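There are 2 protein chains.
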Amino acid sequence: MKKISLIIVGFGVIGAGFARILHEKKDYLRDLGLEYKVVAVCEKEGSIISDEGIDLGDVLRLADGKKLAQHSGWTKKKSMQVLDEVKADIVLELTPGDVKRGEPGYGHIKKALSGGMHVVTSNKSPIALHYGELKRLAEENNLKLRYEAAVGGAIPLLNLRDKCLKINEIKSVYGILNGTTNYVLSKMVEEGISLENALDEARELGIAESDPSYDIDGLDTALKVVILANNLLGRDVSFEDIRVQGIRDITSEAVQLAIKHGYVIKLIGDVGRGEVSPRLIPVEHPLNVSGSLNAVLLDSDVAGELTLIGYGAGARQTASSIFSDLTEVTQFV
Amino acid sequence: MKKISLIIVGFGVIGAGFARILHEKKDYLRDLGLEYKVVAVCEKEGSIISDEGIDLGDVLRLADGKKLAQHSGWTKKKSMQVLDEVKADIVLELTPGDVKRGEPGYGHIKKALSGGMHVVTSNKSPIALHYGELKRLAEENNLKLRYEAAVGGAIPLLNLRDKCLKINEIKSVYGILNGTTNYVLSKMVEEGISLENALDEARELGIAESDPSYDIDGLDTALKVVILANNLLGRDVSFEDIRVQGIRDITSEAVQLAIKHGYVIKLIGDVGRGEVSPRLIPVEHPLNVSGSLNAVLLDSDVAGELTLIGYGAGARQTASSIFSDLTEVTQFV
Numbered sequence: 004m005k006k007i008s009l010i011i012v013g014f015g016v017i018g019a020g021f022a023r024i025l026h027e028k029k030d031y032l033r034d035l036g037l038e039y040k041v042v043a044v045c046e047k048e049g050s051i052i053s054d055e056g057i058d059l060g061d062v063l064r065l066a067d068g069k070k071l072a073q074h075s076g077w078t079k080k081k082s083m084q085v086l087d088e089v090k091a092d093i094v095l096e097l098t099p100g101d102v103k104r105g106e107p108g109y110g111h112i113k114k115a116l117s118g119g120m121h122v123v124t125s126n127k128s129p130i131a132l133h134y135g136e137l138k139r140l141a142e143e144n145n146l147k148l149r150y151e152a153a154v155g156g157a158i159p160l161l162n163l164r165d166k167c168l169k170i171n172e173i174k175s176v177y178g179i180l181n182g183t184t185n186y187v188l189s190k191m192v193e194e195g196i197s198l199e200n201a202l203d204e205a206r207e208l209g210i211a212e213s214d215p216s217y218d219i220d221g222l223d224t225a226l227k228v229v230i231l232a233n234n235l236l237g238r239d240v241s242f243e244d245i246r247v248q249g250i251r252d253i254t255s256e257a258v259q260l261a262i263k264h265g266y267v268i269k270l271i272g273d274v275g276r277g278e279v280s281p282r283l284i285p286v287e288h289p290l291n292v293s294g295s296l297n298a299v300l301l302d303s304d305v306a307g308e309l310t311l312i313g314y315g316a317g318a319r320q321t322a323s324s325i326f327s328d329l330t331e332v333t334q335f336v
Numbered sequence: 004m005k006k007i008s009l010i011i012v013g014f015g016v017i018g019a020g021f022a023r024i025l026h027e028k029k030d031y032l033r034d035l036g037l038e039y040k041v042v043a044v045c046e047k048e049g050s051i052i053s054d055e056g057i058d059l060g061d062v063l064r065l066a067d068g069k070k071l072a073q074h075s076g077w078t079k080k081k082s083m084q085v086l087d088e089v090k091a092d093i094v095l096e097l098t099p100g101d102v103k104r105g106e107p108g109y110g111h112i113k114k115a116l117s118g119g120m121h122v123v124t125s126n127k128s129p130i131a132l133h134y135g136e137l138k139r140l141a142e143e144n145n146l147k148l149r150y151e152a153a154v155g156g157a158i159p160l161l162n163l164r165d166k167c168l169k170i171n172e173i174k175s176v177y178g179i180l181n182g183t184t185n186y187v188l189s190k191m192v193e194e195g196i197s198l199e200n201a202l203d204e205a206r207e208l209g210i211a212e213s214d215p216s217y218d219i220d221g222l223d224t225a226l227k228v229v230i231l232a233n234n235l236l237g238r239d240v241s242f243e244d245i246r247v248q249g250i251r252d253i254t255s256e257a258v259q260l261a262i263k264h265g266y267v268i269k270l271i272g273d274v275g276r277g278e279v280s281p282r283l284i285p286v287e288h289p290l291n292v293s294g295s296l297n298a299v300l301l302d303s304d305v306a307g308e309l310t311l312i313g314y315g316a317g318a319r320q321t322a323s324s325i326f327s328d329l330t331e332v333t334q335f336v
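Following this line, the structure appears as structure tokens:
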């Protein structure tokens, strides 16, 4: 049995979702010869620390009622201090990122790597905004930094290339990388409603934030385009290099006119061209997926075109990608 | 630089296709730290053997003109004798399989594993018909036996589960696993023609064999269903367990009636149910792919539904999956 210690930084939707699967799948992982022990859980107000390993069942129950501070291991120490003081094999950086500076994930990842800990993250901003620096830092310290969950939710893209398409050079990558905009555009097609009304529906279902500009204006897709360009295409691309046009100006009339001619309008991240823009997609094209699905088309020199469709978000679905990285990194512990 | 010796058994479309990519990508593989040396190439009439490694450029030129016997290393020794006499790290079993007994692949794989060599194969019949025995033989000898290319051509399914969906239990798998039938059914939709006429077109393009029963009657799909059931769902399924209905009786009228109601008819391999049958699929469903594409829907307990669409056949595309296995197995050499 291989024993691996973890620090979970960020215990919101993604962090708690990961912890729930880790808890649920304890026996399944044991059958694979893997025993994970969580030695710290950090959130905004403080942290829970336990050298012997934290019972995730307890923590999840307390987190549901927003009562983490009632845990016996609770301390007011913040994440950065915990990453200094507590040692683990792997840090899971699962906080939401700020699109301007990539904080607090950027600081967490640097601190973890400098402290000799591997990092698995679902946080796209630090990877998109500080790719070169973080990659170098990991390499210099002979550590792994992996971020499958930062792009495409449950759809394997980075590990797919590394593990399943090894002989291939990826020639192009494009697709629907944001579930919120796809939900809104699909609703506009299906119900003939305006963008504003579709957004209201999405907000009610928790698919869109109260301020949805980050999704609607294409910024979320652009961050993912940066990550895919650097990782899959081996480019050296910055956020500023991406031309971004969102879907804010798409009218109900435009959507209906497109349908009349056999097309749908989709917000497409075109990784090769470094572009995010609404595009006309034939109704029967594999990228015409509805609801909050994501769909990505990879073209490579040996396998040819490969399309992947799956859930681009959701706590549970994202955990699938986090675990894909985690079990991979575990080999290097 | 890791040096790995290979024996290629079978030098038809798939074998030569693999060799072509290996030749083409020599430098690319060197950059990955991998140097593959082919010490034997076996085909029906005899073999080429060279301890120092065979120049694949030469062999491919001769194979194009069906003049392999002119090669300086040519011998009349057949594959079974070569597998006895020549030692290599990995055997690539790339012959076509016979659907009744799985020969000659079955014999090749047993001989290779018994002789202490790992096996990578594109050959579905031996794996579908003798799964338990071959799996046991590999395990007893502490060797790897991998067969990604046997199912779904370039679409990663087995390695995808192993490498990218590790935390998931696969709940169901179904889809289009045979490119020939999908080409025929797509043509019937698009051109309103009969099955026979669509088959004639497919034959002209080399997509269908002169006797297409193996595809049309669903046997090819059934073999793949067996492999996926055993591998992805952990079942213990035999070829005889699969209920198989092909597309021979699908009329042009049935296809047109389906379209009128928003459906297409597709030959679906349903792995969970152990069934191959023509089914109605909504026009906008991700499994409605046209031409000779394959499309597979995996449902798993964490990632949720994931759809993969890609080339189910083709020498070059299949080589992508063979290399995915080869680089994986190389780690164990």
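Protein chains in written order, with our numbering: chain A, 4 to 336; chain B, 4 to 336.
All C-beta atoms in this analysis are idealised placements derived from N, C-alpha and C, irrespective of residue type, glycine included.
Quick caveat, the model's predicted, so the values are computed rather than measured.
query, result
"Do you know how far the Cα of Ala157(B) is from the Cα of Ser303(A)?", "11 Å"
"If you measure from the beta carbon of Ser327(B) to each beta carbon in chain A, is any gap under 8 Å?", "yes"
"When DSSP labels each residue in this structure, what does Asn145(B) get in the three-state scheme?", "coil"
"Given a threshold of 16 other Cβ atoms within 10 Å of its Cβ, counted over all protein chains shown, does Phe14(B) qualify as buried or as exposed?", "buried"
"Since Ile179(B) contacts Val292(B) with CB under 8 Å, what's their CB separation in whole angstroms?", "7 Å"
"Flag this pair as yes or no: are the beta carbons of Ser295(A) and Gly313(A) separated by less than 8 Å?", "no"
"Please decide whether Arg319(A) counts as near chain B, where near means a Cβ-Cβ distance under 8 Å.", "yes"
"Hey, does Cys167(B) have any beta-carbon neighbour from chain A nearer than 8 Å?", "yes"
"Out of Lys79(A), Arg164(A), Leu9(A) and Leu37(A), which has the shortest C-alpha to C-alpha gap to Ala43(A)?", "Leu9(A)"
"Over what stretch of residues does the alpha helix (DSSP H) that includes Tyr186(A) continue unbroken?", "Gly182 to Glu194"
"Compare the C-beta of His19(A) with all C-beta atoms of chain B and state if any pair is closer than 8 Å.", "Checking the sequence, you will find Ala at residue 19(A) rather than His. Answer no: the Cβ-Cβ gap between Ala19(A) and chain B never drops below 8 Å."
"Counting only Cβ pairs nearer than 8 Å, list the residues of chain A close to Ile210(B).", "Within chain A, no residue comes near Ile210(B); the closest Cβ sits about 15 Å away, beyond 8 Å."
"Could you tell me whether any Cβ in chain A is nearer than 8 Å to the Cβ of Glu8(B)?", "The sequence given here has Ser at residue 8(B), not Glu. No, because no Cβ of chain A sits closer than 8 Å to the Cβ of Ser8(B)."
"Note down the Cα distance separating Leu301(B) from Lys80(B), rounded to an integer number of angstroms.", "44 Å"
"Ile196(A) versus chain B: which residues are under 7 Å apart at the beta carbon?", "Within 7 Å Cβ-Cβ: nothing; Ile196(A) doesn't reach chain B, min ~19 Å."
"For a test of the three-state rule: what should DSSP assign to Asp1(B), helix, strand or coil?", "The structure shown does not extend to residue 1(B), since chain B is modelled only from 4 to 336, so the question has no answer here."
"What residues of chain A sit near Asn171(B), judged by a beta carbon separation below 7 Å?", "Ser323"
"Just to confirm my understanding: we take Ser327(A), look at its own chain, exclude 5 residues before and 5 after, and list those with CB closer than 7 Å. What are they?", "Glu151, Pro159 and Asn162"
"Within the continuous alpha helix (DSSP H) that includes Thr20(A), where are the two ends?", "Note on residue identity: the sequence assigns Gly, not Thr, to residue 20(A). Looking at the DSSP string, the run of the alpha helix (DSSP H) that includes Gly20(A) is Val16 to Glu27."
"Out of Val122(A), Ala72(A) and Lys269(A), which one is the CA nearest neighbour of Met191(A)?", "Lys269(A)"
"Quick one: residues in its chain with C-beta nearer than 7 Å to the C-beta of Tyr186(A), no 5 flanking neighbours on either side, listed in chain order?", "Ala205, Ile210, Gly294 and Ser295"
"Using DSSP with H/G/I as helix, E/B as strand and the rest coil, what is Thr124(A)?", "strand"
"Against chain B, with Cβ distances strictly below 8 Å, would Ala22(A) count as a contact?", "no"
"Starting from the Cα of Ser241(B), find the closest Cα among Ser213(B), Arg276(B) and Ser216(B) and give me that residue.", "Arg276(B)"
"If you measure from the beta carbon of Pro159(A) to each beta carbon in chain B, is any gap under 8 Å?", "yes"
"Give the straight-line distance between the Cα atoms of Ile52(B) and Cys167(A), rounded to the nearest whole angstrom.", "30 Å"
"Quick check on Leu3(A): does DSSP put it in helix, strand or coil?", "Here chain A has residues from 4 to 336 only, and residue 3(A) is not among them."
"For a test of the three-state rule: what should DSSP assign to Ile253(B), helix, strand or coil?", "coil"
"Taking 7 Å as the cut-off, is the CB of Gly155(A) close to at least one heavy atom of the ligand GDP?", "Absent from the structure shown: the ligand GDP. Ligands present: none."
"In chain A, which residues lie with their C-beta within 7 Å of the C-beta of Val154(B)?", "Per Cβ cutoff of 7 Å: no residues; Val154(B) is ~13 Å from chain A at best."
"Rounded to the nearest angstrom, how far is the Cβ of Leu86(B) from that of Gly118(B), given a contact under 8 Å?", "6 Å"
"Cβ closer than 9 Å: which chain A residues qualify as neighbours of Tyr314(B)?", "Ala306, Gly307, Glu308 and Leu309"
"Beta-carbon separation of Ala153(A) and Lys169(A) under 8 Å?", "no"
"Confirm, please, whether the CB-CB distance from His121(B) to Lys90(B) is below 8 Å.", "no"
"For Leu140(B) and Leu132(B), I'd like the C-alpha separation in whole angstroms.", "14 Å"
"Use the C-beta contact count for Gln73(B): other C-beta atoms within 10 angstroms, 16 or more gives buried, fewer gives exposed.", "exposed"
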